[in-house]
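Quick note: the sequence shown uses the numbering used here, first residue 81, plus one each step. Glycine included, C-beta positions come from ideal geometry on N, C-alpha and C.
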Amino acid sequence: MRFIVLALTLSLGTAACKRHRATPAADSAALAAGPKVHWSRAYIVTPAGNTSAVMYLTIENPGARPDTLLRVTTPLVDVAMLHTNTTSGSLQEQHGTMNMTAVTSLQIPPDTTLALAPGGTHVMLDALKHPIARGDSIPVTLIFSRAGALSGNAAVISYTDVDTATAPLAAPVPVDAPR
Ligand SMILES: [Cu+2]
């Protein structure tokens with residue numbers, strides 16, 4: 081059911097876009113490129129000292145072409161960095177500087193869902209401009225090479241919420257599944 085609703089939303093969105101497009105050439109180019117990358121489920125885990133925090137999110141590329149996450153921006157910090165963990169560790173360990181490696185961009189292969197989750201790749205938010213607390217909603221923009229700038233919000237959660245936030249994504253229900 082969730083899948084059907086999503087498909088309807090997408091087709092309505094496409095129809096609306098078509099009406100506003102300037103030229104038929106731009107229209108066919110967009111159709112050839114297929115669906116674009118989008119992101120969701122962004123959350124920031126509240127830091128112990130309120131000076132830096134870590135953000136996770138899920139990026140989905142339903143299209144047939146790869147895309148690249150170039151940059152993450154949020155009013156919370158001057159520079160949000162992409163970090164990978166070279167070894168797996170607990171969330172607390174991840175806040176240390178030992179295991180983290182900065183990466184300049186993140187490839188999103190075609191037909192792939194990439195979940196940034198504790199123990200792995202994350203967005204590092206150093207030198208927070210103001211304190212954050214559980215329940216806050218923080219504006220975030222992801223800039224992709226193909227999809228462009230995609231804005232949304234990240235929910236601030238506490239360590240104890242992490243298990244819920246990282247629960248596996250619900251499997252999509254096939255539209256022709258017997259009920
Ligand atoms: Cu980091």
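What does a CB cutoff of less than 7 Å around residue i pick up in its chain, not counting 5 residues either side in sequence?
i    : result
R214 : T126, V236, I237 and S238
T177 : Here T177 scores only 46 on pLDDT, less than 50, and its place in the model should not be relied on; the value that follows carries that caveat. Result list for T177: empty, nothing under 7 Å.
R121 : L137 and T138
T192 : N141
T48  : Residue 48 lies beyond the stretch modelled for the chain, which goes from 81 to 259, so this question has no answer here.
Q187 : P146 and T148
Under DSSP, the beta strand (DSSP E) around residue i begins and ends at which residues?
i    : result
A189 : It should be pointed out that residue 189 corresponds to Pro in this sequence rather than to Ala. Neither: P189 is in no beta strand (DSSP E) and is coded neither H nor E.
I218 : S217 to F224
S132 : S132 to N141
T240 : Careful: T240 lies outside any beta strand (DSSP E) and carries neither H nor E.
T154 : Taken as a continuous stretch (DSSP letters only), T154 belongs to no beta strand (DSSP E), as it is neither H nor E.
H118 : H118 to V125
With distances taken between CB atoms, is the gap from residue i to residue j smaller than 8 Å?
i    : j    : result
G143 : P190 : yes
H210 : Y136 : no
I124 : A234 : yes
A212 : L150 : Strictly speaking, residue 212 in this sequence is Ile, with Ala absent from that position. No.
L230 : V157 : no
P219 : P155 : yes
T181 : H163 : yes
Considering only DSSP beta bridges, list what residue i is partnered with.
i    : result
L162 : V183 and V203
G232 : V220
A195 : T138
Please list, in chain order, all residues of the same chain as residue i whose beta carbon is under 8 Å from its beta carbon, the five residues on each side excluded.
i    : result
N130 : L208, P211 and I212
A102 : Unreliable positioning characterises A102 in this predicted model, as indicated by a pLDDT of 47, which lies under 50. The coordinate reading is nonetheless provided below. Excluding residues within five positions, none has a Cβ falling inside 8 Å.
S217 : N233, A234, A235 and V236
R145 : A113, G114, P190 and R226
W119 : L137, T138, I139, E140, L222, L230 and G232
So, for residue i: in the same chain, excluding its five sequence neighbours on each side, which residues have a beta-carbon less than 6 Å away from its beta-carbon?
i    : result
T221 : T153, A229 and S231
A133 : I124, P127 and L205
L196 : Y136, L137 and H202
Between residue i and chain C, is any beta-carbon pair separated by less than 8 Å?
i    : result
I212 : Absent here is chain C; the protein component of the structure consists of one chain.
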